[in-house]
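Residue numbers (the UniProt record's numbering), protein chains in the order written: chain A, 1 to 354; chain B, 1 to 354. Below: the structure, in structure tokens.
Number of protein chains: 2
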Amino acid sequence: MSSPKKTMPSAAPPAVSMADLARELGVSMTTISRALSNHHSIGAATKQRVLKLAKKLNYQPNHLAAALRKGQSRLLGVVVPYIEGKFFPSVIQGIEQAASKAGFSVIVCQSHEDVQLERRNVETLLNAQVAGVLVSLARNTQEFHHFDKVRQRGVPLVFFDRIPPTEQVNSVVLNDREGAFQATRHLLEQGCRRVAHLAGPQHLNIYRHRRQGYLDALAAYSIVPDEDLIITSDMTTEDGAGATRQLLALPEPIDGIFAAGDSAILGALQVLKAQSIRVPQEVALAGFSNEGFTAITEPQLTSVDQRCEEMGQAAVRLFLELAAAPDAPFVQRQVVLQPELFVRESSRQGAPLS
Amino acid sequence: MSSPKKTMPSAAPPAVSMADLARELGVSMTTISRALSNHHSIGAATKQRVLKLAKKLNYQPNHLAAALRKGQSRLLGVVVPYIEGKFFPSVIQGIEQAASKAGFSVIVCQSHEDVQLERRNVETLLNAQVAGVLVSLARNTQEFHHFDKVRQRGVPLVFFDRIPPTEQVNSVVLNDREGAFQATRHLLEQGCRRVAHLAGPQHLNIYRHRRQGYLDALAAYSIVPDEDLIITSDMTTEDGAGATRQLLALPEPIDGIFAAGDSAILGALQVLKAQSIRVPQEVALAGFSNEGFTAITEPQLTSVDQRCEEMGQAAVRLFLELAAAPDAPFVQRQVVLQPELFVRESSRQGAPLS
DNA sequence: TTTAAGAACACAAACGTTTGCGCGCGCTTA
DNA sequence: TAAGCGCGCGCAAACGTTTGTGTTCTTAAA
Chain A
1 MSSPKKTMPS AAPPAVSMAD LARELGVSMT TISRALSNHH SIGAATKQRV
51 LKLAKKLNYQ PNHLAAALRK GQSRLLGVVV PYIEGKFFPS VIQGIEQAAS
101 KAGFSVIVCQ SHEDVQLERR NVETLLNAQV AGVLVSLARN TQEFHHFDKV
151 RQRGVPLVFF DRIPPTEQVN SVVLNDREGA FQATRHLLEQ GCRRVAHLAG
201 PQHLNIYRHR RQGYLDALAA YSIVPDEDLI ITSDMTTEDG AGATRQLLAL
251 PEPIDGIFAA GDSAILGALQ VLKAQSIRVP QEVALAGFSN EGFTAITEPQ
301 LTSVDQRCEE MGQAAVRLFL ELAAAPDAPF VQRQVVLQPE LFVRESSRQG
351 APLS
Chain B
1 MSSPKKTMPS AAPPAVSMAD LARELGVSMT TISRALSNHH SIGAATKQRV
51 LKLAKKLNYQ PNHLAAALRK GQSRLLGVVV PYIEGKFFPS VIQGIEQAAS
101 KAGFSVIVCQ SHEDVQLERR NVETLLNAQV AGVLVSLARN TQEFHHFDKV
151 RQRGVPLVFF DRIPPTEQVN SVVLNDREGA FQATRHLLEQ GCRRVAHLAG
201 PQHLNIYRHR RQGYLDALAA YSIVPDEDLI ITSDMTTEDG AGATRQLLAL
251 PEPIDGIFAA GDSAILGALQ VLKAQSIRVP QEVALAGFSN EGFTAITEPQ
301 LTSVDQRCEE MGQAAVRLFL ELAAAPDAPF VQRQVVLQPE LFVRESSRQG
351 APLS
């Protein structure tokens with residue numbers, strides 16, 4: 001309204017290109033290109049002139065053209081199952097940080113736990129000529145041929161958190177077994193002797209390892225695992241609630257629950273409170289992921305932190321290594337992060353009642 | 001290990017291009033290109049042959065080249081302050097959905113509430129030749145020249161949720177005033193008469209409107225607003241807690257709090273419970289955003305839902321409209337979504353004690 | 001003084017598409 | 001029978017970079 005400009009029919013002024021700079025300075029485009037990328041065969045004086053003019057004309061490099069010519073962009077593709085909750089946003093956060101430090105931009109896709117969409121996402125990313133692909137698998141991904149194309153094109157591929165079981169791949173994971181071990185051992189240290197486990201889909205490495213950690217901790221205390229105390233589900237809040245009701249119906253009562261996810265342990269907590277069973281006095285609880293809400297339930301929930309940001313950063317580092325040596329023969333690399341147990345009221349003996 | 005392939009030094013097989021298809025079929029690249037894009041000047045028979053061969057050779061179009069030639073890609077750039085919590089992931093969800101339906105891919109950037117990063121993100125997106133830019137402003141963005149470049153390049157620009165105040169822009173927003181009005185009126189209907197308001201930074205449209213809604217509701221009940229009852233902050237949980245302590249120190253007690261964000265109302269709840277003040281009997285609470293944790297606190301928190309997914313979808317629709325008529329003179333468009341109040345225990349009179 | 005070497009820059013061919021224009025064919029219409 | 005028209009397709013020039021291979025000087029070594 002107060003704007004001085006006329007109606008301006010979006011008169012898109014053709015962006016200034018290297019050709020413009022070259023014409024203006026009376027040199028060739030080669031010189032411009034090399035000056036901007038700080039090539040050694042360009043004189044210091046010329047470089048200065050080019051840089052200065054570029055600033056003045058507000059030259060913006062066309063990354064598309066560069067990517068086309070070089071067959072590779074400065075884009076990093078990421079495929080995650082979803083972005084709700086705390087985990088994936090945080091690891092994306094770590095990825096963005098490390099990537100931007102290395103001069104890469106990040107493009108994020110969600111598979112929504114669907115292998116079909118995952119497939120399409122990978123295609124999309126490849127067509128966008130990404131320099132690398134970072135993937136955390138969808139829940140129902142049991143077949144991995146859609147990743148072959150990535151490698152065939154020579155694009156670095158890194159899996160994180162949820163990784164393929166048998167394939168030779170580069171990956172960064174949490175030591176899920178250790179995290180589960182610590183959480184379960186902690187419950188045992190608090191005096192629990194009948195600790196149940198809410199397990200996730202066992203074809204996923206993370207849930208398999210968490211279950212193993214649980215079993216290992218029991219073994220360390222010479223407790224023989226009771227199959228009735230291990231309930232496998234999709235780990236939603238409702239699943240956790242249902243499983244807990246099932247556990248409470250057992251003839252011999254339980255005194256602790258370790259869930260492979262925080263949503264499930266939340267469901268457990270809700271059922272226990274509804275039935276006026278005191279937490280942690282009668283049943284102690286521990287979860288996995290250190291979700292934001294673990295600190296605001298009553299009692300607050302003990303949980304295993306997954307080092308989300310470190311995971312993202314590590315994935316990018318791994319990608320950069322792979323990108324640095326494009327034609328190197330494949331050697332499997334895996335970085336394993338150490339989890340950290342956050343002990344809160346839901347498992348601490350003598351914790352104040354709410 | 002069991003893989004039959006040799007060590008395979010990442011022998012990237014040169015991707016099959018339109019030139020390959022043309023050679024194979026003995027036609028020109030023009031024909032290939034037109035056949036693939038279903039151009040009318042290509043015979044049906046030829047189209048079939050091309051399509052078939054493309055499938056057979058697993059031809060993957062190089063979007064970069066196409067984008068370069070056409071000066072526009074099928075990428076949609078999104079800039080948000082952050083992706084934690086529920087709101088932005090959900091709206092991104094809506095964006096992805098609508099975008100993929102229209103054949104666009106989405107690239108997400110976080111500004112981390114920093115105008116500097118926001119500026120850089122916009123640059124990055126433009127250099128990636130995105131077809132459009134969708135933005136929700138960073139908290140400290142008070143100056144908007146970095147968006148001029150977007151329009152200058154003729155790239156459609158849509159703001160959502162947090163939009164510039166004075167500028168002539170296209171935007172999709174929630175009716176924040178209405179949402180705040182409903183929440184506050186609800187508290188008054190429950191019998192509250194001294195309702196406080198935890199307000200956010202007033203240079204942001206959303207917080208200004210929420211405050212106005214609060215004031216309007218008071219006016220509807222002929223209550224003159226008390227400046228002591230309006231506390232402005234950054235709306236973190238700590239801010240909410242601090243503000244609540246401040247309110248409790250007032251000589252005349254309050255009986256309700258409406259916060260412009262859920263984190264703040266959570267802080268309020270924690271302080272009230274710590275001081276054994278009963279919610280909602282002594283002080284009723286209502287927040288804004290309908291975050292996930294509002295359903296798991298005790299008591300559960302009343303909150304205003306922001307129609308996140310609809311917002312994302314609407315933003316994409318707006319973008320598509322703008323993209324359809326590139327040279328149309330600018331006319332300001334704004335779509336306003338209607339909020340929905342979720343009434344829960346924290347405000348319901350006669351709600352069961354936890 | 002001759003020669004080799006290096007510094008500083010230019011030529012031109014790529015990268016894989018899209019698209020305005022042109023050309024020949026067979027058909028209809030006058 | 002000649003003019004006109006639409007169909008189906010090819011030619012070649014873009015789009016904005018990067019880069020291997022020159023080319024021209026200047027300078028140091030032989």
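C-beta atoms are modelled at their ideal positions from N, C-alpha and C, and glycine is treated no differently.
To the nearest angstrom, report how far apart residue i and residue j are at their CA atoms.
i                      : j      : result
B:Y82                  : A:L341 : 26 Å
A:Q300                 : A:P251 : 28 Å
A:P9                   : B:G154 : Reliability fails at A:P9, whose pLDDT of 43 lies under 50, so the model's placement of it is uncertain and the value that follows must be treated cautiously. For A:P9 and B:G154, the distance between alpha carbons rounds to 9 Å.
residue 361 of chain B : B:Q72  : Look at the range of chain B in this structure, 1 to 354, and you will see that residue 361 of chain B is not part of it.
A:V78                  : A:L322 : 16 Å
A:A196                 : A:V335 : 30 Å
B:V158                 : B:L318 : 7 Å
B:A315                 : B:Q97  : 11 Å
A:P339                 : A:Q182 : 9 Å
A:T46                  : A:P326 : 33 Å
B:A15                  : A:L125 : 15 Å
A:V283                 : A:E167 : 40 Å
B:L117                 : B:R208 : 24 Å
B:L198                 : B:Q246 : 11 Å
A:S3                   : B:S171 : With a pLDDT of only 38 at A:S3, under 50, the local geometry of the prediction cannot be trusted, and the value read off the model is given with reservation. Cα-Cα distance, rounded: 19 Å.
A:F88                  : B:L285 : 31 Å
A:N121                 : B:K273 : 47 Å
B:P352                 : B:L187 : Unreliable placement is indicated for B:P352, whose pLDDT of 43 sits below 50; no coordinate value is reported for it.
A:I257                 : B:E84  : 28 Å
B:Y59                  : B:K52  : 10 Å
B:Q129                 : B:V224 : 53 Å
B:A324                 : B:A102 : 12 Å
B:K70                  : B:T141 : 33 Å
A:N290                 : A:I42  : 54 Å
A:A19                  : B:S17  : 28 Å
A:A131                 : A:S276 : 55 Å
A:K6                   : B:L320 : Model confidence at A:K6 stands at a pLDDT of 35, short of 50, so the residue's coordinates are unreliable and nothing is read from them.
Note down, in chain order, every chain B residue with its Cβ under 7 Å from the Cβ of residue i.
i      : result
A:S105 : T124 and A128
Who are the neighbours of residue i on chain A, taking C-beta pairs under 8 Å?
i      : result
B:K86  : E84
B:H63  : N127, A128 and Q129
B:F293 : G292, F293 and I296
B:I92  : I83
B:A67  : L64
What residues match up with residue i in a beta bridge as DSSP calls it?
i      : result
B:I231 : B:L198
A:I107 : A:G77
B:Q334 : B:S171
A:F342 : A:S303
In chain A, which residues lie with their C-beta within 7 Å of the C-beta of residue i?
i      : result
B:V108 : V108
B:T297 : I296
B:E96  : Q110
B:L266 : I296
Find the residues of chain B that neighbour residue i, judging by a C-beta separation of less than 8 Å, and give them in chain order.
i      : result
A:E118 : What A:E118 touches in chain B: nothing, since even the nearest Cβ is about 13 Å away.
A:Q338 : Going along chain B, no residue has its Cβ under 8 Å from A:Q338, so there is no contact; the nearest lies around 24 Å.
A:Q202 : Here the premise fails: no neighbours, minimum Cβ distance about 22 Å.
For a contact meaning CB atoms closer than 9 Å, what does residue i contact in chain A?
i      : result
B:Q275 : Correct list: empty, because the minimum Cβ distance to chain A is about 15 Å.
B:L75  : I107 and A128
Secondary structure, alpha helix (DSSP H): runs of 4+ residues fully inside the segment 49-101 of chain A:
63-70 and 87-101
Should the segment 143-151 of chain B be called in touch with the segment 174-181 of chain B, which here means at least 3 C-beta pairs below 8 Å?
no
For the segment 331-347 of chain A and the segment 286-302 of chain A, state whether three or more C-beta atom pairs, one from each stretch, are separated by less than 8 Å.
yes
If we count Cβ pairs, one from each stretch, closer than 8 Å, do we get three or more for the segment 259-276 of chain A versus the segment 197-207 of chain B?
Fewer than three Cβ pairs drawn from the segment 259-276 of chain A and the segment 197-207 of chain B lie within less than 8 Å of each other, which leaves the two stretches out of contact.
Any beta strand (DSSP E) of 3 or more consecutive residues that is wholly inside the segment 234-304 of chain B:
256-259 and 284-288
Beta strand (DSSP E) runs wholly inside the segment 125-163 of chain B, at least 3 long, in chain order
132-135 and 157-160
Ignoring anything shorter than 4 residues, give me the alpha helix (DSSP H) runs that lie fully in the segment 170-219 of chain B, in order along the chain.
176-189
Using 8 Å as the Cβ pair cut-off and three pairs as the minimum, do the segment 236-246 of chain A and the segment 211-220 of chain A touch?
no
Decide if the segment 269-280 of chain B is in contact with the segment 227-235 of chain B; the criterion is three or more beta carbon pairs, one per stretch, under 8 Å apart.
no
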